[in-house]
């Protein structure tokens, strides 16, 4: 049996998110599994590196599946991109070791979040960035970023209720890049809790707008309470950019 | 009476083009006139710098209209962007001399055309660039660009039938900029005939793919025949970037 690793790009606008639900029509996983069944005749479950929320985009989601198909990976790519809806693209298909597991073997992820920071909205950015019309104090936001980098219990920056699993994560990189009216937040870390990136962005925006002080970050860490953080920034500004694996194949 | 100059951005995907037709619902001009009527109570016709085809985008279309409205231009911008569909944005509104006419006074335009040149399609560029999977010979395309720059009768590069109006135009600048898989064609000229940019791009792509020689450009100029040029590139890769006026106000 072959184990196939896929690198997938999608415009999440029309979908309920990565994870297949009852109705496979509206999820990325469901769409891809449908095409695999068409392609191989096999009924297969694919393993994603993790879920993405409804409306969230991806430039480098990773998934794997096992198949007896005689097709080459090049033929698979062509089949996927012919039959998938145009807002889902398989960028790569590679045969990997049978032990490769897209979720268990992921050692880190890179996300980006885009904010359109201009009183005038953008007809083109509207679907891929959050419109924040008020001016932002980037210095304060960068101060807050420094507090977030490192290893912390991020439960207060997540949509999780109490859980037995560890909510300690490490953010290795958190930067804000400004290009004209577009702010691009980049997050690199070993893993991210449910809605963690969006809640952190929402909190940073409230700090930039002066509604919260940079010390709000410390409050969330100290009290571990979601209420101390800012609003959750909307899903359509978020991109899963890359999933990292040890250089095993 | 005030004369108001608007600078307008739109994602042309959902529209039949700039020019109002019977059914105002589906054109940019129709949508904007509808909002002006809501805003001022006046039934007004706006003058655009020129038409854009169905599906074509704009980052800097210019139009003007005359009104007795007491609203400030700032209030107008806010009204427009509150009530227009989100894929049409008024970026600027300025009070200009009563003689200003968006079409007659335009002295030049800048267009861009975007091509996604990669065997793998893009989930994000698909709506804003033409997917051309085959490799292109940029040197040959640049040779052809040199032949197009200058003053010529461009009738063979237009969708026009015989016409009494002059079809001589001047292209001042025609460049191809490559950034990763994205090719951006930039056209600056004193005016462009119907579908001229898209037919030139289609011809340049056939030259790049080796189906036509760079001398095909000379053939079109010599014979003045549409048949000697390439296919019309699709509308969704085209952006009206800027309209130039003499610095009158």
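Protein chains in written order, with our numbering: chain W, 2 to 250; chain C, 2 to 250. All C-beta atoms in this analysis are idealised placements derived from N, C-alpha and C, irrespective of residue type, glycine included.
{"Item": "Can you list, in chain order, the residues of its chain whose CB lies under 6 Å from that of residue 121/C, leaving out five sequence neighbours each side?", "Value": "none"}
{"Item": "Quick check for students: name the residue ranges of the beta strand (DSSP E) that lie wholly in the stretch 96 to 131 of chain W, counting only runs of 3 or more.", "Value": "107 to 117"}
{"Item": "Using the Cα positions of residue 232/C and residue 204/C, report the straight-line distance between them to the nearest angstrom.", "Value": "6 Å"}
{"Item": "Of all the CB atoms in chain W, is at least one closer than 9 Å to the CB of residue 92/C?", "Value": "yes"}
{"Item": "By how many angstroms is the C-alpha of residue 157/C removed from the C-alpha of residue 29/C?", "Value": "29 Å"}
{"Item": "Would you mind stating whether residue 6/W and residue 97/W have Cβ atoms separated by less than 9 Å?", "Value": "yes"}
{"Item": "Hey, out of 222/C, 183/C, 104/C, 56/C, whose CA is closest to residue 63/C's CA?", "Value": "104/C"}
{"Item": "What are the residues in the stretch 80 to 113 of chain W lying within 7 Å of chain C by C-beta distance?", "Value": "82, 87, 88, 89, 90, 92"}
{"Item": "Determine the contact status of residue 61/W and residue 236/W, defining contact as a CB-CB distance below 9 Å.", "Value": "no"}
{"Item": "So for residue 183/C, helix, strand or coil by DSSP?", "Value": "strand"}
{"Item": "Taking the alpha helix (DSSP H) that residue 203/W falls in, what are its first and last residues?", "Value": "197 to 209"}
{"Item": "Under 9 Å between C-beta atoms, does residue 10/C make it to chain W?", "Value": "yes"}
{"Item": "Residues of chain C with a CB under 9 Å from the CB of residue 64/W: which are they?", "Value": "Simply none; closest approach about 15 Å."}
{"Item": "Out of 129/C, 88/C, 132/C, 193/C, state which residue places its alpha-carbon closest to the alpha-carbon of residue 9/C.", "Value": "88/C"}
{"Item": "Which residues in the same chain have their Cβ closer than 7 Å to the Cβ of residue 198/W, if we skip the five residues on either side of it in sequence?", "Value": "112, 114, 188, 239"}
{"Item": "In its own chain, which residues sit with a C-beta less than 7 Å from the C-beta of residue 210/W, not counting the 5 before and 5 after it?", "Value": "135, 137"}
{"Item": "Considering just the uninterrupted stretch of the beta strand (DSSP E) at residue 154/W, what are its terminal residues?", "Value": "151 to 154"}
{"Item": "Just to confirm, are residue 258/W and residue 202/W a CB contact at a threshold of 9 Å?", "Value": "Nothing can be reported for residue 258/W, as the shown portion of chain W is limited to 2 through 250."}
{"Item": "With 9 Å as the threshold, decide whether the Cβ of residue 58/C is near any Cβ in chain W.", "Value": "yes"}
{"Item": "For residue 239/W, write down the residues that DSSP places opposite it in a beta bridge.", "Value": "114/W"}
{"Item": "Helix, strand or coil for residue 191/W, going by three-state DSSP, please let me know.", "Value": "coil"}
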